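**Q** Let me begin by handing over the structure; questions about it come next.
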Amino acid sequence: MAYLTRQPVLILKEGTERSRGRDARKSNMTAAQVIAEVLKTTLGPRGMDKMLIDSLGDITITNDGATVLDEIDVQHPAAKMMIEVAKTQDDEVGDGTTTAVIFAGELLKKAQELLEQNIHPSIIIAGYQKASDKALAKLEKLAIDVDLDDRETLMKLANTSMRSKTVSSAREHLSGIVIDAILQIIEERDGEIIADVDNVQIVKKVGKSLNETELVKGIIIDKEAVHDGMPKKVENPKIALIDAAIEVEKTEFDAEIRIRSPDAIKAFLDQESEMLKKKVDDIVSSGAKVLFAQKGIDDVAQHFLAKAGVLAARRVKKSDMEKLAKATGAKIVSNLSDLKDADLGTCEVVEERKVGDDKMIFVEGCSDPRAVAIFVRAGLERMIDEAERALNDALFVISDVAELPKMVPGGGAIETELSKAVRSYATQVGGREQLAIEAFADALEVIPRTLAENAGLDILDSMVAIKAAHDKKGGSSMGVNVYDEGVIDMLEQGVVEPMAVKLQAIKSAVEVSAMILRIDDVLAATSPGGMGGPGGPPGDMPDMDDM
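Numbers in the numbering used here are just positions in the sequence shown, counted from 1, shifted up by 1448.
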């Protein structure tokens, strides 16, 4: 028997790295906190930007949390879980990624302090869950209803999401575009309001300025007309969308045709031309003056289409075809012989324009489009990329409010009020769970504290001022004044955020904290890159300076 002879028993493969108990938790929690620290300085209108350089040398300059974490090449599994939190937040509500990650990091920091006091992880998790339920219930009560016809409030919501971005100088103009875009694509399904951001196409071209970014009530196709003889502009056209190749179909089997005379060659070629002419005739007879094909268009077919005065583009992306259908009211047809007038869409004008060095086709003036385009302009490529990210955040914010029409004050006001509610609830619970609930309340204060820190304010003075303001009657909307000392009413300042963003941030942060706290054993198999993968064993977390 092995235990009698004192011989070691090998259970795990040689080289497997294992860390248990306190060491495993500390490693995971430290890794998660490092990710939170990376994002901390980007929070708020006074937050800093990050310069990210990938392996190819491409540079991205942004303070968008989701983009920063997406670009960082992280090896540690716990750090990857934090990045998943940011992705979930971004996918669900499109904004608040930085808030979610910072809050999750603070929850783990507070949990680490409790673990050092020998409080069991299960008690901490139970306390966090109770505190979360209380915070979410209070959030619902504090939320303010939003009327979608109140454009001024929608402008405040969109402006708040862009206030911390590089493009904030043009936020009034961009916010107006975002609101018009979302209000245009809103639809009702089974009594529910749906505002799908995927129905807003964002097209970027370097040139001009941010203030010349425009909303197109239609779609922009990054293609040019397939033939020089085609019209460059067609007014009030009928539009056909074809999901089929306008070419002579190749047979599925190899065949050999023996031609013994020049006349037979001509007859064969004429037959091909006749087949293509028949396809074009089907399109022309339907009344279509503009054609968008998802597949190829043969050279001969291009000639016949140009002769018939039809503007055509080929190899249009499937996603753009679907947006064209929603914008123009056309149906995507797979069989040309089935094409009829009822399948065609309409708009005011379809025009090929030269933008910079490229040609693009603008489908504009659709009567009631369910898909629209935002044409983004800026003088620098990096500015145009940041404008796209800012627009995407703002689109999601207005979409969130359309689907769940409630908002809360920003500037750390809502977090301070929730912290106050959770802390008073903690005394009702008692026992060791009370410590975890109080830790949750402390963690919520990381948002106003970080806003003050990033603005260069005295953190202690700011926290004393905001807590004192919230202790007074009617002070629930008081937040950190990042441009001056003290606190200010966020509702009066127009600093508001969708309730959905805060709701998701709290849920995601609590979930990832609980998951990391539950892990007490890490087994890392060997890999070609060494123990624990290319980044070393799980405990080997890079320093902040290396990030």
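Just so it is clear, CB atoms sit at the ideal spot from N, CA and C, and this is done for glycine as well.
Quantities reported herein were computed from a predicted structural model and do not represent experimental measurements.
On the CB-based measure, 16 or more other CB atoms within 10 Å of its CB, does L1899 come out buried or exposed?
**A** So L1899 ends up on the buried side.
**Q** Can you say whether L1555 is buried or exposed, counting buried as having 16 or more other CB atoms within 10 angstroms of its CB?
**A** That one is buried.
**Q** Could you give the residue range of the beta strand (DSSP E) that holds G1927?
**A** Run containing G1927: 1926-1928, per the beta strand (DSSP E) assignment.
**Q** For S1721 and I1625, what's the separation of their Cα atoms in angstroms?
**A** Approximately 47 Å, taken between the alpha carbons.
**Q** Does DSSP classify D1593 as helix, strand or coil?
**A** Strand at D1593.
**Q** Between P1853 and D1593, how many whole angstroms is the CB-CB distance? I'm expecting something under 8 Å.
**A** With 8 Å as the limit, P1853 and D1593 qualify as a contact, their Cβ atoms being about 6 Å apart.
**Q** What residues are listed by DSSP as bridge partners for I1501?
**A** Answer is I1507, bridged to I1501.
**Q** Give a yes or no on whether the C-beta atoms belonging to E1800 and E1672 are separated by under 8 Å.
**A** Result yes, Cβ atoms of E1800 and E1672 sit closer than 8 Å.
**Q** Tell me, please, which residues DSSP counts as bridged to M1855.
**A** According to DSSP, which records beta bridges pairwise, M1855 is partnered with I1592, P1946.
**Q** Would you kindly check if the distance between the Cβ of T1614 and the Cβ of D1497 is under 8 Å?
**A** Against a cut-off of 8 Å, the Cβ pair of T1614 and D1497 comes out as a contact.
**Q** Could you pull out every residue in the same chain whose Cβ sits closer than 7 Å to the Cβ of L1663, ignoring the five residues on either side in sequence?
**A** The answer, listed in chain order, is I1625, D1628, A1629, V1820, I1822.
**Q** Taking only three categories from DSSP, how would you classify T1776?
**A** Helix at T1776.
**Q** Taking just the CA atoms, how far does A1913 sit from E1532?
**A** Rounded to the nearest angstrom, the two C-alpha atoms are 35 Å apart.
**Q** Within this structure, are the beta carbons of I1550 and L1487 separated by less than 8 Å?
**A** It is a contact, given that the beta carbons lie within the stated cut-off.
**Q** The ligand NAP and H1918: does the residue's C-beta get closer than 7 Å to at least one heavy atom of that ligand?
**A** Only the bare structure without any ligand can be found here, which leaves the ligand NAP out of the picture.
**Q** When the Cβ atoms of the region 1948-1962 are set against those of the region 1571-1579, are three or more pairs found closer than 8 Å?
**A** The answer is yes - the region 1571-1579 touches the region 1948-1962, with three or more Cβ pairs under 8 Å.
**Q** What's the gap between the Cα of A1484 and the Cα of L1602?
**A** When rounded, the distance between both Cα atoms is 30 Å.
**Q** Quick check on the DSSP output: the beta strand (DSSP E) that includes L1739 runs from which residue to which?
**A** 1738-1741 is the extent of the beta strand (DSSP E) around L1739.
**Q** Touch check for the region 1913-1927 and the region 1825-1843: three-plus C-beta pairs under 8 Å?
**A** With a cut-off of 8 Å, the region 1825-1843 and the region 1913-1927 do not count as touching, because too few Cβ pairs lie within range.
**Q** So, for V1849: in the same chain, excluding its five sequence neighbours on each side, which residues have a beta-carbon less than 8 Å away from its beta-carbon?
**A** V1594, L1596, L1602, L1605, M1855, P1946, A1948, listed in sequence order.
**Q** So, A1957 versus K1558, is the Cβ gap smaller than 8 Å?
**A** No, they are not a contact pair.
**Q** Roughly how many angstroms separate the alpha carbons of M1992 and V1894, rounded to a whole number?
**A** Residue placement at M1992 cannot be trusted, given a pLDDT of 46 that sits under 50; what the coordinates show is reported in the next sentence. Near 19 Å, if we compare the C-alpha coordinates of V1894 and M1992.
**Q** State the start and end residues of the unbroken alpha helix (DSSP H) segment that holds E1893.
**A** It is not in any alpha helix (DSSP H) - E1893 carries neither H nor E in the DSSP assignment.
**Q** Is it buried or exposed for A1790, if we count other Cβ within 10 angstroms and need 16 for buried?
**A** It is exposed - the Cβ of A1790 has fewer than 16 other Cβ atoms within 10 Å.
**Q** Tell me where the beta strand (DSSP E) around M1808 begins and ends.
**A** Looking at the DSSP string, the run of the beta strand (DSSP E) that includes M1808 is 1806-1812.
**Q** What's the gap between the Cα of T1510 and the Cα of A1534?
**A** Cα to Cα, T1510 sits roughly 15 Å from A1534.
**Q** With V1682 as the anchor, note down where its beta strand (DSSP E) starts and where it stops.
**A** Where V1682 is concerned, the enclosing beta strand (DSSP E) stretches over 1681-1683.
**Q** Q1560 to R1470, Cα distance in whole Å?
**A** Rounded to the nearest angstrom, the two C-alpha atoms are 10 Å apart.
**Q** If I measure Cβ to Cβ from G1793 and keep anything under 6 Å in the same chain, skipping five residues before and after, which residues do I get?
**A** So the list reads I1687, T1776, G1777, A1778, once near-sequence residues are dropped.
**Q** Which residue marks the beginning of the beta strand (DSSP E) containing A1552, and which one marks its end?
**A** Element bounds for A1552: not the beta strand (DSSP E) but the alpha helix (DSSP H), 1545-1563.
**Q** Can you give me the C-alpha to C-alpha distance between D1746 and K1807, rounded to a whole angstrom?
**A** Going by the C-alpha atoms only, they are around 21 Å apart.
**Q** Suppose the cutoff is 7 Å on Cβ atoms and the five residues either side in sequence are ignored; what does the same chain contact list for V1674 look like?
**A** Cβ within range, chain order: I1745, Q1750, A1760, A1761, R1762.
**Q** With respect to the beta strand (DSSP E) encompassing K1653, which residues constitute its N-terminal and C-terminal limits?
**A** Its beta strand (DSSP E) spans residues 1648-1654.
**Q** State the Cα-Cα distance for the pair L1939 and R1599, rounded to the nearest angstrom.
**A** Approximately 15 Å, taken between the alpha carbons.
**Q** DSSP state of V1935, grouped into three classes?
**A** Strand at V1935.
**Q** Nearest by alpha-carbon distance to I1694: which of S1785, A1527, D1919 is it?
**A** If we check each option's Cα against that of I1694, S1785 comes out closest.
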